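In the working numbering, the protein residues as written are 1049 to 1230.
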């Protein structure tokens, strides 16, 4: 069973590093600051992507215009562990043991992703006094609210704008349950 581990691990690493390669290849190099390389991709929508890679080092790809608020959030990601490599290793081990672990791994991945996105928001808030801003309204439908939690890479915009979101003692699980049950 575990003889599949090296194959699964190589496959996961290839996919992750190939994604990083494609992003960096598409982007234009801007500058390097404190060991972090900054790139830019033209777009109408402003955003950024942090790449922490064994092959490519620490990079921030700015999508659209450079925005201090977005870069403050991305800097938060630079101070986080290389959690994707830990997750890929655990996933390769679990899938090698039993392929039926995939749904469980997806739940763990989503929970980790939401945790680290909120941690980056908290970093931006406590170090740069930057809060996320959005005009998005909370959907009336519970189904729509659940979809916004499940299918976005960050907690929903209407949650990220709440004061309670920026209180360290408030857990994401509490915010999630309050959102779905109210």
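Each residue gets a CB set at the ideal place from its N, CA and C atoms; glycine is no exception. Since the model is a prediction, treat every value here as computed from it, not as a measurement.
Of the listed residues the options, nearest to residue i (C-alpha basis)
i            : options                : result
residue 1167 : 1078, 1194, 1145, 1127 : 1127
residue 1075 : 1063, 1061, 1091, 1125 : 1091
residue 1066 : 1101, 1138, 1178, 1054 : 1101
residue 1163 : 1072, 1204, 1192, 1069 : 1204
residue 1104 : 1192, 1053, 1069, 1057 : 1069
residue 1064 : 1172, 1131, 1077       : 1131
residue 1110 : 1089, 1175, 1143, 1191 : 1089
residue 1060 : 1116, 1136, 1178       : 1136
residue 1229 : 1187, 1208, 1202, 1201 : 1187
residue 1201 : 1051, 1081, 1148, 1158 : 1158
residue 1119 : 1129, 1142, 1172, 1193 : 1172
Residue i versus residue j - alpha carbon distance
i            : j            : result
residue 1083 : residue 1095 : 21 Å
residue 1014 : residue 1160 : Residue 1014 lies beyond the range of the chain shown here (1049 to 1230); nothing can be said about it.
residue 1099 : residue 1189 : 35 Å
residue 1218 : residue 1170 : 12 Å
residue 1181 : residue 1117 : 10 Å
DSSP bridge partner residues for residue i (one or two, in chain order)
i            : result
residue 1110 : 1088, 1096
residue 1081 : 1084
residue 1139 : According to DSSP, residue 1139 bridges with nothing at all.
Touching or not, the stretch 1203 to 1218 and the stretch 1151 to 1158, by the rule of three or more beta carbon pairs under 8 Å?
Segments in contact, no.
At least 3 beta-carbon pairs within less than 8 Å: the stretch 1195 to 1204 vs the stretch 1219 to 1229:
Contact between the stretch 1195 to 1204 and the stretch 1219 to 1229 is established, with three or more Cβ pairs separated by less than 8 Å.
Enumerate, from N- to C-terminal direction, the unbroken alpha helix (DSSP H) stretches of 4 or more residues contained entirely within the stretch 1176 to 1213.
Counting whole runs of 4 or more residues, the stretch 1176 to 1213 contains the alpha helix (DSSP H) stretches 1190 to 1198, 1205 to 1208.
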